[in-house]
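Quick notes on the structure that follows.
Number of protein chains: 2
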Amino acid sequence: MGDKRSFYEQRTIEWDDKSNSIMMIDQTVLPNEFRIVRCSNVSEVIDAIKTMKIRGAPAIGVAGAMGLALSVIASTSSTKKKLLQEIEPDAIAIKSARPTAINLAWGVDKTAEFIQSELPEMNSNESKEKIVKFVKSLADADVNTNRKLSDQGAKLFRNGETVLTHCNAGSLATVGYGTALGVLRSVAKQGKTLKVFAAEARPVLQGARLTAYELANDGFDVTLISDTAIGASMQKGLIDRVVVGADRITKDGHVFNKVGTYQIATLAKRHRVPFYVAAPLSTFDFDADWKKVKIEERSPEEIKTIGGQHTAPESVKAFNPAFDVTPPELVTAIICEKGILARPFAPKIKRLKRKALKGLSGPVA
Amino acid sequence: MGDKRSFYEQRTIEWDDKSNSIMMIDQTVLPNEFRIVRCSNVSEVIDAIKTMKIRGAPAIGVAGAMGLALSVIASTSSTKKKLLQEIEPDAIAIKSARPTAINLAWGVDKTAEFIQSELPEMNSNESKEKIVKFVKSLADADVNTNRKLSDQGAKLFRNGETVLTHCNAGSLATVGYGTALGVLRSVAKQGKTLKVFAAEARPVLQGARLTAYELANDGFDVTLISDTAIGASMQKGLIDRVVVGADRITKDGHVFNKVGTYQIATLAKRHRVPFYVAAPLSTFDFDADWKKVKIEERSPEEIKTIGGQHTAPESVKAFNPAFDVTPPELVTAIICEKGILARPFAPKIKRLKRKALKGLSGPVA
Numbered sequence: 056m057g058d059k060r061s062f063y064e065q066r067t068i069e070w071d072d073k074s075n076s077i078m079m080i081d082q083t084v085l086p087n088e089f090r091i092v093r094c095s096n097v098s099e100v101i102d103a104i105k106t107m108k109i110r111g112a113p114a115i116g117v118a119g120a121m122g123l124a125l126s127v128i129a130s131t132s133s134t135k136k137k138l139l140q141e142i143e144p145d146a147i148a149i150k151s152a153r154p155t156a157i158n159l160a161w162g163v164d165k166t167a168e169f170i171q172s173e174l175p176e177m178n179s180n181e182s183k184e185k186i187v188k189f190v191k192s193l194a195d196a197d198v199n200t201n202r203k204l205s206d207q208g209a210k211l212f213r214n215g216e217t218v219l220t221h222c223n224a225g226s227l228a229t230v231g232y233g234t235a236l237g238v239l240r241s242v243a244k245q246g247k248t249l250k251v252f253a254a255e256a257r258p259v260l261q262g263a264r265l266t267a268y269e270l271a272n273d274g275f276d277v278t279l280i281s282d283t284a285i286g287a288s289m290q291k292g293l294i295d296r297v298v299v300g301a302d303r304i305t306k307d308g309h310v311f312n313k314v315g316t317y318q319i320a321t322l323a324k325r326h327r328v329p330f331y332v333a334a335p336l337s338t339f340d341f342d343a344d345w346k347k348v349k350i351e352e353r354s355p356e357e358i359k360t361i362g363g364q365h366t367a368p369e370s371v372k373a374f375n376p377a378f379d380v381t382p383p384e385l386v387t388a389i390i391c392e393k394g395i396l397a398r399p400f401a402p403k404i405k406r407l408k409r410k411a412l413k414g415l416s417g418p419v420a
Numbered sequence: 056m057g058d059k060r061s062f063y064e065q066r067t068i069e070w071d072d073k074s075n076s077i078m079m080i081d082q083t084v085l086p087n088e089f090r091i092v093r094c095s096n097v098s099e100v101i102d103a104i105k106t107m108k109i110r111g112a113p114a115i116g117v118a119g120a121m122g123l124a125l126s127v128i129a130s131t132s133s134t135k136k137k138l139l140q141e142i143e144p145d146a147i148a149i150k151s152a153r154p155t156a157i158n159l160a161w162g163v164d165k166t167a168e169f170i171q172s173e174l175p176e177m178n179s180n181e182s183k184e185k186i187v188k189f190v191k192s193l194a195d196a197d198v199n200t201n202r203k204l205s206d207q208g209a210k211l212f213r214n215g216e217t218v219l220t221h222c223n224a225g226s227l228a229t230v231g232y233g234t235a236l237g238v239l240r241s242v243a244k245q246g247k248t249l250k251v252f253a254a255e256a257r258p259v260l261q262g263a264r265l266t267a268y269e270l271a272n273d274g275f276d277v278t279l280i281s282d283t284a285i286g287a288s289m290q291k292g293l294i295d296r297v298v299v300g301a302d303r304i305t306k307d308g309h310v311f312n313k314v315g316t317y318q319i320a321t322l323a324k325r326h327r328v329p330f331y332v333a334a335p336l337s338t339f340d341f342d343a344d345w346k347k348v349k350i351e352e353r354s355p356e357e358i359k360t361i362g363g364q365h366t367a368p369e370s371v372k373a374f375n376p377a378f379d380v381t382p383p384e385l386v387t388a389i390i391c392e393k394g395i396l397a398r399p400f401a402p403k404i405k406r407l408k409r410k411a412l413k414g415l416s417g418p419v420a
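Chains A and B supply the protein sequences, listed in that same order.
The letter at position 240 of the first sequence is residue 295 when you use this note's numbering, and the numbering goes up by one with no holes.
The letter at position 4 of the second sequence is residue 59 when you use this note's numbering, and the numbering goes up by one with no holes.
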């Protein structure tokens, strides 16, 4: 497990068949240490999500699904009905570990639906085998979806361009390959050379710690900037395009993503720099009103300390929203596995919803 | 020297008559430690400016002047003519310690002019006494100017408002009282209560380490935010006004200030939040074309490490501009000791220049 792993193939989260547990890369200690943590029960999974050992909307979606699978395996209920009653509190607890990324609820709900419709009425070893197979298929599907959306999004980029990204929408934010960074991987696969600017993304520094790390390991030309230098970089004409991931996209195209995204989109609009959002369908919230989406606020200590050292007096308060919302008028295009959506987004997202409900495939854009 | 000092009175830099040396607060170790450093010769002054033991445009202006005074005192030249030749390399070295803030050149040039016009032809103890008196008067004038501009700027604020500031344009950025934070002090003196949001200002964290510290010590209600949360704060309607300092204001009202200022101004415009710049006349560059002003780039290590620990792989590059430029159309008003300037700035700055050359006083706005 050297440091020079390729994130074209690396998986962030995997089911371990031997011990029926979940293995994940501990993202709190990167890039200084590459450590695998193991979760053997639901509370360990919830803790890993809350403390951001695993983070990124698609990654925590699969973590939530696998967490519920751990509940099923631990269950001694004799019938499916009892099993469903037994695991319900776990499902609720997982879904409320973090509130903003819809993928977490999506992963748990998908798994609960599968249990409801596909497991035998009598709980048995067969049930356990089926649920494991299902959550592993969700993990595989995530990688395939990311490759698909990335290959499509890659068409938007030209050889020699410099692309700004924010936070980490990479392999480490998904099961593998990544969304925004997946697109950059696919651009490279198509033989085009890019330069990447990564904003460090205070307070948790996912841009510095994760994006710079995984892109450098994959041979990209990466330049790190502070979150304050985005305007200065655009002023100097250093940025040709922006691509970010998303934690939730509402029916009218409002994009919830890592705090700082909205201000990048505002600057991109001012400098006429195209601003793309790359996310799978599991990130779309087809029903909610964007004004009602809860934006998680995290501990003030994330702002007031760095590496355990106080950077501000203890008496000072801190406001620490983890996400912000970018309105659709600032988004040039949304890249998903069904194609590239241009504005206006609402009618296209409506069509995506119909397709998602019917389980149909084919392009929507 | 407890931690609860009031920055209504505290001085950042002072001349010590006993030892003919300069004492300054070491701003690299705040807020965890309050330490005074002493500079006894020019190279110590240059080092203190370069390593940002002292920083802030007005503060380094006075540091530069006092640095040149140390040269005069150390000189063994018998005549003023020889003295001027001897100190010229020091003057050049001080002025090039940091390139963007014009106050540094202003402080050195003012001192050189004083030597030229006011010192006796034969270099003597009288020369040394006169130069010390002069640089001490510059320090006093800085505090008086800041109080004057702050008292005027304070009229723009209403009781109960929340004000965002960036970096540190406080007592610690000047000899005393501050510019942007001086304005907030004067608002408080007028009996109006404010809440202050401070952006932490990566990479050097002057907002967290200095602004939060000095405002908390003066009893302000301070909330620290990451630089990524400025858009989110404005989206939530939390910010009523913005006030920042400046490192250089050109003749047409382009404002060079700490990197990140431009993006705050862009967001303020979008959210119709008034954006003020508070700076003394010594920050105005009446002649230069804004496009030709050099923006200092500092070491990549400031971005790639925090508290000595690497936050990004060593192989990654970093782009680290210390300043950016905010165009006049994003600035609501400039607060200086001659009054409050509204747009268009160019004709008012032209009048300021005429007054500055004639040494006249009186309002210009």
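The C-beta atom is built at its ideal place from N, Cα and C for all residues, glycine as well.
Practice prompt. Could you check which residue in SER226(B), LYS408(B), HIS221(B) has the C-alpha nearest to that of ALA194(B)?
Written response: Working through the second sequence from its first residue, we reach residue 194(B) at position 139. Closest by C-alpha distance to ALA194(B), out of SER226(B), LYS408(B), HIS221(B), is SER226(B).
Worksheet item: Between the C-alpha atoms of VAL84(A) and LEU204(B), what's the straight-line distance to the nearest angstrom?
Response: Working through the first sequence from its first residue, we reach residue 84(A) at position 29. Working through the second sequence from its first residue, we reach residue 204(B) at position 149. Approximately 48 Å, taken between the alpha carbons.
Worksheet item: Would you say the region 173–183 of chain B touches the region 95–113 of chain B, given that touching needs at least three Cβ pairs under 8 Å?
Response: The region 173–183 of chain B vs the region 95–113 of chain B: no contact.
Worksheet entry | Pairwise C-alpha distance: VAL230(A) and ALA196(A) | What you label residue 196(A) is simply residue 141 of the first sequence in a count that begins at 1. What you label residue 230(A) is simply residue 175 of the first sequence in a count that begins at 1. Between ALA196(A) and VAL230(A), the C-alpha separation is close to 9 Å.
Item to complete: Output, in chain order, the set of chain B residues within a Cβ distance shorter than 8 Å of ILE68(A).
Response: By one-based count along the first sequence, residue 68(A) stands at place 13. Under the 8 Å cutoff, chain B gives no residues; its nearest Cβ is about 22 Å from ILE68(A).
Discussion item. Contact criterion: CB-CB distance below 8 Å. Does PRO154(A) meet it with respect to chain B?
Written reply: Position 99 of the first sequence, counted from the first residue, corresponds to residue 154(A). Chain B contact via Cβ: absent.
Worksheet item: Three-state secondary structure (DSSP) at ASP197(B)?
Response: Residue mapping note: residue 197(B) aligns to position 142 of the second sequence, counting from 1. Helix at ASP197(B).
Fill in: Residues near ALA152(B) by beta carbon distance below 6 Å, same chain, minus five either side
Here residue 152(B) refers to the residue found at position 97 when the second sequence is read from its first residue. For ALA152(B), where only same-chain residues beyond five positions count, the Cβ hits under 6 Å are ILE101, ILE104, LYS105.
Discussion item. Beta-carbon within less than 7 Å of LEU322(A)'s beta-carbon, same chain only, minus the 5 sequence neighbours each way: which residues are those?
Written reply: Residue 322(A) sits at position 267 when you count from the first residue of the first sequence. Excluding residues within five positions, the ones whose Cβ falls inside 7 Å are ILE285, GLY286, MET289.
Item to complete: Report, in whole angstroms, the separation of the C-beta atoms of THR155(A) and GLU351(A), which I expect to be a contact under 8 Å.
Response: Here residue 155(A) corresponds to residue number 100 of the first sequence, with the count starting at 1. Here residue 351(A) corresponds to residue number 296 of the first sequence, with the count starting at 1. About 5 Å separates the two Cβ atoms, so the contact holds.
Item to complete: Give me the Cβ distance between VAL386(A) and ALA320(A), rounded to the nearest whole Å; I'm assuming they're in contact under 8 Å.
Response: Taking the first sequence and counting its residues from 1, the one referred to as residue 386(A) is at position 331. Taking the first sequence and counting its residues from 1, the one referred to as residue 320(A) is at position 265. Yes, VAL386(A) and ALA320(A) are in contact; Cβ-Cβ is about 7 Å, under 8 Å.
Item to complete: Give the straight-line distance between the Cα atoms of ARG257(B) and ILE77(B), rounded to the nearest whole angstrom.
Response: Against the second sequence, residue 257(B) aligns to sequence position 202. Against the second sequence, residue 77(B) aligns to sequence position 22. Approximately 29 Å between the Cα atoms of the pair.
Item to complete: Tell me whether the beta-carbon of VAL298(B) lies closer than 8 Å to the beta-carbon of VAL328(B).
Response: By one-based count along the second sequence, residue 298(B) stands at place 243. By one-based count along the second sequence, residue 328(B) stands at place 273. No. Outside cutoff.
Worksheet item: Along chain A, in chain order, which residues have C-beta atoms closer than 9 Å to that of TYR63(B)?
Response: Walking along the second sequence from the start, residue 63(B) turns up at place 8. Those within 9 Å of TYR63(B) in chain A number zero; the least Cβ separation is about 17 Å.
Item to complete: Measuring only between beta-carbons, confirm whether GLY57(A) sits less than 8 Å from chain B.
Response: What you label residue 57(A) is simply residue 2 of the first sequence in a count that begins at 1. Reliability fails at GLY57(A), whose pLDDT of 39 lies under 50, so the model's placement of it is uncertain and the value that follows must be treated cautiously. Residue contact with chain B for GLY57(A): absent (no Cβ-Cβ distance below 8 Å to any residue of chain B).
Practice prompt. Just mark SER61(A) as buried or exposed, buried being the case when its beta carbon has 16 or more other beta carbons within 10 Å.
Written response: Residue numbering aside, residue 61(A) sits at position 6 when the first sequence is read from its first letter. Classification of SER61(A): exposed, given that the 10 Å Cβ count is below 16.
Worksheet item: In three-state DSSP terms, what is MET79(A)?
Response: For the purposes of this step, residue 79(A) is identified with residue 24 of the first sequence, where counting begins at 1. Note: MET79(A) maps to strand in three-state DSSP.
Practice prompt. Pull up the CB-CB distance for LEU123(B) and ILE147(B), whole angstroms please, since I reckon it's below 8 Å.
Written response: Walking along the second sequence from the start, residue 123(B) turns up at place 68. Walking along the second sequence from the start, residue 147(B) turns up at place 92. Not confirmed; about 11 Å, so no contact.
Item to complete: Quick one: measure Cβ to Cβ for ASN223(A) and GLY111(A), integer angstroms, because I've assumed they're closer than 8 Å.
Response: For the purposes of this step, residue 223(A) is identified with residue 168 of the first sequence, where counting begins at 1. For the purposes of this step, residue 111(A) is identified with residue 56 of the first sequence, where counting begins at 1. Going by Cβ atoms, the distance from ASN223(A) to GLY111(A) rounds to 7 Å, so yes, they are a contact pair.
Item to complete: Evaluate contact between the region 210–223 of chain B and the region 234–248 of chain B, counting only Cβ atoms and requiring at least three cross-stretch pairs below 8 Å.
Response: Flag = yes, the region 210–223 of chain B and the region 234–248 of chain B touch.
Worksheet item: Name the chain B residues that come within less than 8 Å of HIS365(A), Cβ to Cβ?
Response: Sequence index remark: in the first sequence, residue 365(A) carries index 310 (1-based). In chain order: PRO86, ASN87.
Worksheet entry | Whole-angstrom distance between CYS391(B) and LYS403(B), CA atom to CA atom | Reading the second sequence from its first residue, position 348 is the one you call residue 403(B). Reading the second sequence from its first residue, position 336 is the one you call residue 391(B). Cα-Cα distance, rounded: 12 Å.
Worksheet item: In angstroms, rounded to a whole number, what distance separates the CA positions of LYS349(B) and LYS346(A)?
Response: Here residue 349(B) refers to the residue found at position 294 of the second sequence. Here residue 346(A) refers to the residue found at position 291 of the first sequence. Their Cα atoms are separated by approximately 43 Å.
Practice prompt. Name the residue from GLY362(B), ILE115(B), ALA343(B), ASN375(B) whose alpha carbon lies nearest to the alpha carbon of ILE68(B).
Written response: On the second sequence, residue 68(B) is found 13 positions in, with the first residue counted as 1. When only C-alpha atoms are compared, the closest one is ILE115(B).
Worksheet item: Considering ASP276(B), what are the terminal residues of the alpha helix (DSSP H) in which it resides?
Response: Counting from one through the second sequence, the residue named residue 276(B) turns up at place 221. Careful: ASP276(B) lies outside any alpha helix (DSSP H), inside the beta strand (DSSP E) at 276–280.
Worksheet item: According to the neighbour-count rule (16 or more other Cβ atoms, all chains shown, within 10 Å of its Cβ), is THR381(B) buried or exposed?
Response: Residue mapping note: residue 381(B) aligns to position 326 of the second sequence, counting from 1. THR381(B) sits buried, since 16 or more C-beta atoms from the chains shown fall within 10 Å of its C-beta.
Discussion item. Let me check understanding here. Comparing Cα to Cα, which of TRP70(A), PHE374(A), GLY274(A) lies closest to ASN96(A)?
Written reply: Counted from its first residue, the first sequence places residue 96(A) at position 41. Minimum Cα-Cα distance from ASN96(A) among the listed residues TRP70(A), PHE374(A), GLY274(A) corresponds to TRP70(A).
Item to complete: Check whether the region 262–270 of chain A touches the region 326–342 of chain A, taking contact to mean three or more Cβ pairs, one atom from each stretch, closer than 8 Å.
Response: Contact between the region 262–270 of chain A and the region 326–342 of chain A is absent: fewer than three C-beta pairs spanning the two stretches fall below 8 Å.
Item to complete: At 4 residues or longer, and completely inside the region 129–197 of chain B: list those alpha helix (DSSP H) runs for me, N to C.
Response: Runs found: 135–150, 157–173.
Practice prompt. With a 10 Å radius around its C-beta and 16 neighbouring C-beta atoms as the bar for buried, classify ASP342(A) as buried or exposed.
Written response: Translated into positions along the first sequence, residue 342(A) becomes position 287. Flag for ASP342(A) reads exposed.
Worksheet item: If we count the other Cβ atoms within 10 Å of its Cβ and call it buried at 16 or more, is PRO175(A) buried or exposed?
Response: Translated into positions along the first sequence, residue 175(A) becomes position 120. Result: exposed.
Worksheet entry | Host alpha helix (DSSP H) of VAL218(A) (start-end) | In the first sequence, the residue the question calls residue 218(A) occupies position 163. It is not in any alpha helix (DSSP H) - VAL218(A) instead sits in the beta strand (DSSP E) that spans 217–221.
Practice prompt. Starting from the Cα of PRO86(B), find the closest Cα among VAL242(B), ALA373(B), VAL259(B) and give me that residue.
Written response: Looking up residue 86(B) in the second sequence gives position 31. The shortest C-alpha separation from PRO86(B) is found at VAL259(B).
Fill in: Check whether GLY300(B) and ALA228(B) have beta carbons under 8 Å apart
Here residue 300(B) refers to the residue found at position 245 when the second sequence is read from its first residue. Here residue 228(B) refers to the residue found at position 173 when the second sequence is read from its first residue. Against a cut-off of 8 Å, the Cβ pair of ALA228(B) and GLY300(B) comes out as a contact.
Item to complete: Could you say which of PRO355(B), GLN364(B), ILE361(B) lies nearest to LYS372(B) if we only look at CA atoms?
Response: As a working mapping, residue 372(B) is identified with position 317 in the second sequence. Nearest option by C-alpha distance: PRO355(B).
Practice prompt. For the region 313–366 of chain B, list the alpha helix (DSSP H) runs that are entirely contained and at least 4 residues long, ordered along the chain.
Written response: The region 313–366 of chain B contains these whole alpha helix (DSSP H) runs: 316–325, 356–359.
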